[in-house]
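Peer 1:
Residue numbers (the working numbering): 223 to 670.
1. For residue 477, which option in 654, 488, 507 and 617 has the closest C-alpha, if you only look at C-alpha atoms?
2. Using the rule of at least 16 other Cβ atoms within 10 Å of the residue's Cβ for burial, across every protein chain shown, is residue 645 buried or exposed?
3. Under 8 angstroms by Cβ, that's how I've got residue 584 and residue 601 pegged, so tell me the actual separation to the nearest angstrom.
4. What's the call for residue 595, buried or exposed, on a 16-neighbour Cβ count within 10 Å?
5. Near residue 420, which residues of its chain fall below 8 angstroms by C-beta distance, leaving aside the five closest residues on each side in sequence?
6. Any contact between the stretch 541 to 550 and the stretch 512 to 530? By contact I mean 3 or more CB pairs, one from each, below 8 angstroms.
7. Here's the rule I'm using: 16 or more other beta-carbon atoms within 10 Å means buried, otherwise exposed. How should residue 624 be labelled?
8. Hey, residue 618 and residue 637: beta-carbon distance below 7 angstroms or not?
9. Quick one: what's got a C-beta closer than 8 angstroms to residue 247's C-beta in the same chain, skipping five residues either side?
10. Hey, residue 491 and residue 527: beta-carbon distance below 7 angstroms or not?
11. May I have the straight-line CA-CA distance separating residue 536 from residue 639, to the nearest angstrom?
12. For residue 287 and residue 298, I'd like the C-alpha separation in whole angstroms.
13. When the distance is taken between beta carbons, is residue 418 closer than 7 angstroms to residue 436?
14. Secondary structure at residue 243, three-state DSSP: helix, strand or coil?
15. To which residues does DSSP link residue 576 through a beta bridge?
16. What do you get for residue 503, buried or exposed, if any count of 16 or more other CB atoms within 10 angstroms of its CB means buried?
17. Using three-state DSSP, classify residue 619 as helix, strand or coil.
18. Comparing alpha-carbon positions, which option in 484, 349, 340 and 335 lies nearest residue 471?
19. Could you compute how far the alpha carbon of residue 406 sits from the alpha carbon of residue 521?
20. According to DSSP, simplified to helix, strand and coil, what is residue 369?
21. Within its chain, find whatever has a CB closer than 7 angstroms to the CB of residue 394; leave out the 5 residues flanking it on each side and keep chain order.
22. Using the Cβ count rule (16 or more neighbours within 10 Å means buried), how would you classify residue 501?
23. Go through its chain and collect everything with a Cβ distance to residue 342's Cβ below 8 angstroms, but skip five positions before and after it.
Structure, rendered in structure tokens:
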């Protein structure tokens, strides 16, 4: 049996004890490793992997050479380059190029829930070509960009692809999904599933009662200001983010909740921002328990259907069979753009927003300081003091939204410098500013 676990950022399948034996310890969800069976020879490891692949293809009805060529190019690329025993941070660029576009292609790699496409996609009309001052080809090469889209005033003014990717494929979101989950919290408030953001988290996740999270509000969970102690150092094997996926829960308690409820309080709730993958996943658990619906189902009801998406999306499941609140939706670049446009327009359906009045003003403006000038953090959105905001995922995934300029910029990439490439990140921020200036130079005054 092979399962997959993704939490907030770094994902890859892990094999269960039935494959590795009783002494096997599963890797953490954010230093995720696909470990070989300690075979000593590369040839033996390859043969073992080949057997696993063939064992998967046969039930899928794929056989021999003809079956191989019946697979789509993304799946063939993934099988040709799939990592065998390396942390995602140390995968080669070809391995990441193959995986980021195909994480949901084979059950051996991950199980997913599907978010259906719309029967009639919403229009995304082509507008006048954008005229930035810099060389787009050079920018995309520096970003190792798979997709770059600019939508202005509802019109697609730039649509470019790279790395062999195209508009028909699905690219993974990584932590861009955090902002999707936040939006579902707003929908759950509007629908009455969540009574108030000032409710204690334990009202919706009763197994947190008596823990440090018993004093934490839903709002504080959204803004990562719980004050609960957490170590998100990915290089530290003893960090919380490295250990919590290995945690053995008490009977009847979800593994994530079991680990999180043992954490001690560090500072008073609401007094400090601390990025915590564990807390983002608690947000997903909260939405699922409050609505009694899978996140993929609720996303389809509240966003994917109303925004009339062109293609289906997928949401990768944890080993417990539930979507991960902080990571790993897969979608087409144009549909990521539609998400941005839907939110830019207030997430309106038949004249009514899916979220309460005033939600966007709260969710997408600074709720807490993050010690970066001009920046902040809202409800799982990264905020700018000029009123812009963004969903961001490692390796260069992003949806940037500028309400004043009616602007949406979508980025799918595989940064050469790794998960948090500072050079690539600075270049992307500069590109955002350049696009803003290009629009201003056209004489389109930003909205007040």
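We treat Cβ as the ideally placed atom computed from N, Cα and C, and that holds for glycine. No experiment lies behind these values; they were computed from the predicted model shown.
Peer 2: On the basis of the supplied data:
1. 507
2. exposed
3. 7 angstroms
4. exposed
5. 439, 440 and 441
6. yes
7. buried
8. yes
9. Residue placement at residue 247 is flagged as unreliable, the pLDDT there being 36, under the threshold of 50; a coordinate-derived value is accordingly withheld.
10. no
11. 27 angstroms
12. Here the model assigns residue 287 a pLDDT of 49, short of 50, so the residue's position is not dependable, and the following value carries that caveat. When rounded, the distance between both Cα atoms is 12 angstroms.
13. no
14. Caution applies to residue 243, whose pLDDT of 34 falls short of 50 and renders its modelled position unreliable; the model cannot decide the point.
15. Its beta-bridge partners do not exist; DSSP assigns none.
16. buried
17. strand
18. 484
19. 7 angstroms
20. strand
21. 322, 325, 550 and 552
22. buried
23. 530
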